[in-house]
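Have a look at the structure below before the remarks.
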Amino acid sequence: MQEDVGTTHREEAGVVRAREAGHALTSALHQHEQSLHTLLKHGCTMVGNVEVAAVSGEVVAVVESEARREAWREALQKDAQGTQEALDKIHQYWEEAVSHTIPEDLHSSLCQLREWSEELREEKLSVVEGLRAELCTLDLNYGTQLLQQARQRAELLRRTTEHVTELHQAYRVSLTKVQDVVDEERGALVKYYEEVWEEAVASLNQQLHTLLHQRLHNRTSHIDQIIELKLHGAAEHTAVKDQLDSDIEKVVVEVMRMKAAQQVEESQLRYSHQVLQQQLKETTAMVSEARRTLNALTPTLNSYRRKAEAAEENQAAREQARVREAARLKEVREQYRQRLSQTSSWYMQQARRLALMHYNTLHSLIMQVVEVERAIRQGVLAQEWVEPDLHCLADLRPPPDPRHTPALTVATRILQSSLGSLVMTKEKSDFDDGEERESSEREEVQVRGTRVDVEFLSRLAEEAVFLLNTDTGHVTESGPLLLLEHIFWELGVHTEADVLQLLHHARRQVTQQQSISPTRSLGGRGGEETDDAEDNEEVDGEADVATYKEVGGEVEANGSEDRRHESAARFTTEDVLNVIITFCSARTCPSNGHTKAGEGESNEPIYTQEGEEALRWTSFLDQFCKRTRAWVAIKEAMTQYRDVLSGRIEETQKVERLRRENAELRFLLKDVAGTL
Numbered sequence: 001m002q003e004d005v006g007t008t009h010r011e012e013a014g015v016v017r018a019r020e021a022g023h024a025l026t027s028a029l030h031q032h033e034q035s036l037h038t039l040l041k042h043g044c045t046m047v048g049n050v051e052v053a054a055v056s057g058e059v060v061a062v063v064e065s066e067a068r069r070e071a072w073r074e075a076l077q078k079d080a081q082g083t084q085e086a087l088d089k090i091h092q093y094w095e096e097a098v099s100h101t102i103p104e105d106l107h108s109s110l111c112q113l114r115e116w117s118e119e120l121r122e123e124k125l126s127v128v129e130g131l132r133a134e135l136c137t138l139d140l141n142y143g144t145q146l147l148q149q150a151r152q153r154a155e156l157l158r159r160t161t162e163h164v165t166e167l168h169q170a171y172r173v174s175l176t177k178v179q180d181v182v183d184e185e186r187g188a189l190v191k192y193y194e195e196v197w198e199e200a201v202a203s204l205n206q207q208l209h210t211l212l213h214q215r216l217h218n219r220t221s222h223i224d225q226i227i228e229l230k231l232h233g234a235a236e237h238t239a240v241k242d243q244l245d246s247d248i249e250k251v252v253v254e255v256m257r258m259k260a261a262q263q264v265e266e267s268q269l270r271y272s273h274q275v276l277q278q279q280l281k282e283t284t285a286m287v288s289e290a291r292r293t294l295n296a297l298t299p300t301l302n303s304y305r306r307k308a309e310a311a312e313e314n315q316a317a318r319e320q321a322r323v324r325e326a327a328r329l330k331e332v333r334e335q336y337r338q339r340l341s342q343t344s345s346w347y348m349q350q351a352r353r354l355a356l357m358h359y360n361t362l363h364s365l366i367m368q369v370v371e372v373e374r375a376i377r378q379g380v381l382a383q384e385w386v387e388p389d390l391h392c393l394a395d396l397r398p399p400p401d402p403r404h405t406p407a408l409t410v411a412t413r414i415l416q417s418s419l420g421s422l423v424m425t426k427e428k429s430d431f432d433d434g435e436e437r438e439s440s441e442r443e444e445v446q447v448r449g450t451r452v453d454v455e456f457l458s459r460l461a462e463e464a465v466f467l468l469n470t471d472t473g474h475v476t477e478s479g480p481l482l483l484l485e486h487i488f489w490e491l492g493v494h495t496e497a498d499v500l501q502l503l504h505h506a507r508r509q510v511t512q513q514q515s516i517s518p519t520r521s522l523g524g525r526g527g528e529e530t531d532d533a534e535d536n537e538e539v540d541g542e543a544d545v546a547t548y549k550e551v552g553g554e555v556e557a558n559g560s561e562d563r564r565h566e567s568a569a570r571f572t573t574e575d576v577l578n579v580i581i582t583f584c585s586a587r588t589c590p591s592n593g594h595t596k597a598g599e600g601e602s603n604e605p606i607y608t609q610e611g612e613e614a615l616r617w618t619s620f621l622d623q624f625c626k627r628t629r630a631w632v633a634i635k636e637a638m639t640q641y642r643d644v645l646s647g648r649i650e651e652t653q654k655v656e657r658l659r660r661e662n663a664e665l666r667f668l669l670k671d672v673a674g675t676l
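Numbered according to the UniProt record's numbering, the sequence shown spans residues 1 to 676.
Following this line, the structure appears as structure tokens:
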């Protein structure tokens with residue numbers, strides 16, 4: 001029994017020691033793998049630094065003589081050979097380390113991590129869907145509130161309008177009633193005064209009739225007396241007396257007439273005075289009534305005005321709150337959109353990496369199968385080996401990211417397409433199928449666009465040498481690619497997108513040239529007029545197609561020598577400088593979609609009248625635009641020259657730092673090689 005217990009304890013102790021040894025081995029493998037990763041990284045960095053130092057123009061600029069250059073090249077070759085040997089040893093150690101089996105616990109932990117990542121991804125997707133649903137709900141609620149508030153505002157305005165209309169109608173009715181009462185009282189008063197006036201006139205006529213009757217009776221009696229006196233021989237004084245009596249009667253009659261006229265005028269004035277007093281009383285009563293009505297309506301109007309102002313203030317406050325809420329929702333939506341874009345870009349990168357990893361794995365497996373088949377055919381079956389066609393495997397490779405494609409690679413791909421291979425043989429036979437015609441036209445347009453790109457890059461390598469601050473003798477001998485590499489570095493062109501943007505500006509320059517001179521003769525057309533460039537700013541789509549068609553006609557008609565002359569004629573020094581200025585301006589001002597005046601625009605005359613004055617203004621504008629472009633180019637060149645000088649200092653410091661790191665890595669690799 002004791003022996004069994006001792007055996008059990010020994011077995012348990014052995015299991016514990018084996019487990020500890022397994023853990024120690026796993027940790028040692030991890031440490032060894034990390035150290036190998038570090039050494040491989042440092043080795044690759046050192047190799048890259050050595051290659052950069054070997055190819056860089058700075059090393060060439062530092063080496064002043066052929067002897068020192070040869071010594072430097074031999075030293076670099078020795079360093080590269082030693083580094084390659086060290087890397088081979090590291091790779092061998094790495095293969096030995098990778099050949100070990102992965103522990104079961106590590107595999108289970110990796111599987112668990114993968115499951116957790118899937119759960120986290122599903123949780124993130126659910127959160128995103130919930131946020132989207134919440135945003136939709138908030139948008140619907142916001143729209144409903146806006147509609148409800150608009151209806152409430154319309155209802156309030158309608159009620160206010162109805163109340164004001166009722167007040168206006170009541171005021172008009174009251175004024176109409178007051179006017180009717182005034183008209184009735186005025187008519188009664190006029191009728192009364194007409195009766196009084198008729199009575200006064202009748203009494204006056206009666207008095208005048210009586211007076212005249214009496215005067216006529218007196219005159220008749222007096223005439224009888226005069227006749228009696230004449231018959232009886234009256235004296236002279238009687239005649240004088242009669243004359244005086246007649247004069248007195250005339251005066252009395254005139255006095256009576258004047259008194260009657262005075263009475264009539266007094267009655268008329270009295271009547272007018274009474275009428276004016278009555279009108280004054282009526283007007284005063286109307287003004288008092290209107291004032292009382294206005295005083296009665298003023299509090300109501302003030303209350304409605306205050307209510308309207310309060311409603312406007314509340315509406316403005318609600319609108320401001322809605323605007324703030326909308327801004328907040330917009331900001332939140334933008335944040336969610338940014339997060340979604342970041343997550344999408346991360347997943348796209350992961351998918352690209354996964355596809356590339358699968359492609360590399362598939363490629364390695366296929367190559368292993370090919371090697372096994374080759375060994376079987378040659379070693380076992382003793383048959384001749386025929387290399388299989390692996391071009392279909394290249395089609396499975398995921399396309400590279402344009403943001404990570406170097407600019408020099410794109411330029412090399414464009415320049416390697418020679419003009420001889422781009423010339424297309426046109427068949428004069430008629431096409432029965434319209435799709436074949438369209439495909440041939442698209443191919444021709446693509447070929448002509450490639451020719452324009454090749455010509456511009458060639459002219460850029462020739463005309464933009466002033467941007468380089470080094471001796472360009474050895475660079476010129478190496479070909480245009482090395483020149484373009486240095487020029488791209490000075491212009492800040494690092495990726496495929498930058499190269500495409502630069503070529504886009506070059507094509508736009510060609511389009512503007514074609515729009516300025518629409519009657520330019522083309523080879524193969526017999527002097528036929530070209531189409532007008534309608535939209536100079538829209539350089540994508542139809543403008544590029546028209547440009548490629550017009551430009552390609554000249555290239556097809558002439559040989560290689562003519563193409564060189566046509567390239568020089570199409571892209572002059574000024575055109576290349578304008579393209580560089582436009583590209584730099586677009587890089588510095590990305591929000592401005594159009595170029596500034598004098599930087600690549602078509603010099604169309606502003607003063608369009610005929611005569612010598614128009615020509616003078618046109619020539620003045622052309623010279624001014626040329627001077628402006630020259631000034632801008634000088635400014636850009638001086639700014640770039642300053643940046644180049646500052647960059648040279650940084651590159652010198654970087655070269656010194658790389659040399660120190662190279663020496664440290666070399667020492668580290670020697671220690672590692674000695675230790676291993």
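We put the beta carbon where it would ideally sit given N, CA and C, even for glycine.
{"Asked": "Residues that DSSP places opposite THR495 in a beta bridge", "Found": "PRO406"}
{"Asked": "Cβ-based burial, GLY130 [other Cβ within 10 Å; buried from 16]", "Found": "exposed"}
{"Asked": "Helix, strand or coil at SER344 according to DSSP, with G and I counted as helix", "Found": "helix"}
{"Asked": "Proximal residues to ALA506 (C-beta, below 8 Å), its chain only, five neighbours per side dropped", "Found": "VAL452, ASP453, PHE456, PHE571 and VAL579"}
{"Asked": "Same chain only: Cβ atoms within 8 Å of LYS124, ignoring 5 sequence neighbours per side", "Found": "THR343"}
{"Asked": "Cut-off 6 Å between Cβ atoms - residues of its own chain near SER203, not counting five sequence neighbours on either side", "Found": "none"}
{"Asked": "Cβ-Cβ distance between HIS494 and ALA407 below 7 Å", "Found": "yes"}
{"Asked": "Distance between ARG132 and LEU365 (C-alpha atoms, nearest Å)", "Found": "44 Å"}
{"Asked": "Classification of VAL499 by the beta-carbon crowding that lies within 10 angstroms, buried from 16 upward", "Found": "buried"}
{"Asked": "Alpha carbon of ILE223 to alpha carbon of LEU212, nearest angstrom", "Found": "16 Å"}
{"Asked": "Stretch-stretch touch, CB-based, cutoff 8 Å, three pairs: the region 174-190 with the region 307-318", "Found": "no"}
{"Asked": "Outcome for ASP671 when other beta-carbon atoms lying within 10 angstroms are tallied against a minimum of 16", "Found": "exposed"}
{"Asked": "DSSP state of LEU156 mapped onto helix, strand, coil", "Found": "helix"}
{"Asked": "Inter-stretch contact (C-beta, 8 Å, three-pair minimum) for the region 146-156 and the region 296-306", "Found": "no"}
{"Asked": "Exposure of ALA261, with buried meaning 16 or more beta-carbon neighbours within 10 Å", "Found": "exposed"}
{"Asked": "Rounded separation between THR582 and THR652 - CA only", "Found": "31 Å"}
{"Asked": "ARG587 in three-state terms, based on DSSP", "Found": "helix"}
{"Asked": "Through-space distance from GLN81 to GLN446, alpha-carbon basis", "Found": "46 Å"}
{"Asked": "Residue nearest to HIS486 in terms of C-alpha spacing, selected from GLN509, ALA497, ALA461 and GLU496", "Found": "ALA461"}
{"Asked": "Environment of ALA86 [buried if 16+ CB atoms lie within 10 Å]", "Found": "buried"}
{"Asked": "Nearest residue (CA-CA) to VAL271, options ALA375, ALA200, ILE414 and GLN179", "Found": "Per the sequence presented here, residue 271 reads as Tyr, with Val not at that position. The shortest Cα separation from TYR271 among ALA375, ALA200, ILE414 and GLN179 belongs to ALA200."}
{"Asked": "THR573 in three-state terms, based on DSSP", "Found": "helix"}
{"Asked": "Straight-line gap, VAL275 to SER288 (C-alpha atoms, nearest Å)", "Found": "20 Å"}
{"Asked": "Under the three-state DSSP convention, the category PRO388 falls into", "Found": "coil"}
{"Asked": "Reduced DSSP category for SER99 - H, G, I as helix; E, B as strand; rest coil", "Found": "coil"}
{"Asked": "Segments of 3+ residues assigned as beta strand (DSSP E) that fall wholly inside the region 148-206", "Found": "none"}
{"Asked": "Span separating the alpha-carbon of LYS307 from that of ARG291", "Found": "24 Å"}
{"Asked": "Spatial neighbours of HIS163 in its chain, beta-carbon cut-off 8 Å, leaving aside the 5 residues before and after", "Found": "TYR304"}
{"Asked": "Backbone CA spacing between GLU282 and GLN214 [nearest angstrom]", "Found": "47 Å"}
{"Asked": "Whether GLU661 touches VAL576 by CB criterion (7 Å)", "Found": "no"}
{"Asked": "Closest Cα partner of ILE414 within the set VAL386, HIS391, ARG448 and ASP389", "Found": "ARG448"}
{"Asked": "Rounded C-alpha distance that separates LYS191 from GLU254", "Found": "33 Å"}
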